[in-house]
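As structure tokens, the structure follows; a few thoughts come after it.
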Amino acid sequence: MSIARLPRLFVAAGTRRGLLTFAALTLISGAAMLPTIATMADHGASVLAFEGAGSVARSQEIVAEWGSAGKMAMRWQLVLDTPFLVGYGLFLAGACAAVARQASWAERFRLERAAVALAWLGPIAAAADLLQNVSLALVLFGHASQPWPRISAVAGLTTTCFCTAAALFALAGALATRRSRRS
Numbered sequence: 037m038s039i040a041r042l043p044r045l046f047v048a049a050g051t052r053r054g055l056l057t058f059a060a061l062t063l064i065s066g067a068a069m070l071p072t073i074a075t076m077a078d079h080g081a082s083v084l085a086f087e088g089a090g091s092v093a094r095s096q097e098i099v100a101e102w103g104s105a106g107k108m109a110m111r112w113q114l115v116l117d118t119p120f121l122v123g124y125g126l127f128l129a130g131a132c133a134a135v136a137r138q139a140s141w142a143e144r145f146r147l148e149r150a151a152v153a154l155a156w157l158g159p160i161a162a163a164a165d166l167l168q169n170v171s172l173a174l175v176l177f178g179h180a181s182q183p184w185p186r187i188s189a190v191a192g193l194t195t196t197c198f199c200t201a202a203a204l205f206a207l208a209g210a211l212a213t214r215r216s217r218r219s
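Position in the sequence shown (first residue = 1) + 36 = the working numbering.
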């Protein structure tokens, strides 16, 4: 499996310009979410508590604690999280694609194959995050029944694990191919 098998979007995201663009999108949309996160925390529970509630009772309790200000903040949080998840999903795909390209040049074909496979972790994590957002929106708008709180909790864990794995691999791969370029 070579870098040629990656979607063009991942390869483009793996260029210097692509990585900078998706890092900027992630940082800007992440910063835009900070006031909504603070508002929810000030009105009872954090966004992470809501995302990981897992049960109908706990989800309803959090929404009730928030009141109208917290609910409005969560609505904005869900809107602002969309460009954020696109940003980090494509940044991680691009970072792994960049490792694959460097590994190919360094003739480290096992590393290249691993990078090509792991490039999908960022977009899969972003898709899980989007599924979580849909689940949270349903709960927020009065459909607080299972499976939505459970889906949110599982999707959150999936997002965290896949993002962490992709980021650690991309960092380790970048360091490994950097050493190869010096040799």
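Glycine included, C-beta positions come from ideal geometry on N, C-alpha and C. For clarity, every value in this text was computed on a predicted model and none was experimentally measured.
Can you tell me whether residue i is buried or exposed? The criterion is at least 16 other CB atoms within 10 Å of its CB, across all chains shown.
i	result
Ala-100	exposed
Phe-58	buried
Trp-141	exposed
Ile-221	Residue 221 is absent from the model: the chain starts at 37 and stops at 219.
Leu-214	The question names Leu, but residue 214 in the sequence shown is Arg. Label assigned to Arg-214: exposed.
Ser-219	Note that Ser-219 scores a pLDDT of 49, beneath 50, so its modelled location is shaky and nothing firm can be said.
Ile-98	buried
Ala-189	buried
Pro-185	buried
Hey, out of the options, whose CA is closest to residue i's CA?
i	options	result
Thr-200	Val-83, Ala-155 and Arg-52	Ala-155
Ala-136	Pro-185, Ala-202 and Ala-68	Ala-202
Ile-208	Ala-180, Gly-123, Thr-118 and Leu-147	Per the sequence shown, residue 208 should be read as Ala rather than Ile. That would be Leu-147, whose Cα lies nearest to the Cα of Ala-208.
Leu-172	Val-92, Gln-138, Phe-127 and Tyr-124	Val-92
Gly-90	Leu-204, Ala-206, Ser-181 and Cys-197	Ser-181
How big is the Cα-Cα spacing for residue i and residue j?
i	j	result
Met-110	Leu-116	10 Å
Arg-44	Ala-134	12 Å
Ala-129	Trp-102	36 Å
Gln-113	Ala-212	37 Å
Ile-187	Gly-158	19 Å
Gly-178	Ile-160	28 Å
Arg-94	Val-175	11 Å
Ala-60	Ala-191	24 Å
Stretch-stretch touch, CB-based, cutoff 8 Å, three pairs: the stretch 60–78 with the stretch 96–114: yes
My parser needs the beta strand (DSSP E) runs of 3 or more residues fully inside the stretch 137–203; what are they? none
Pairs of beta-carbons, one from the stretch 60–70 and one from the stretch 151–170, closer than 8 Å: are there three or more? no
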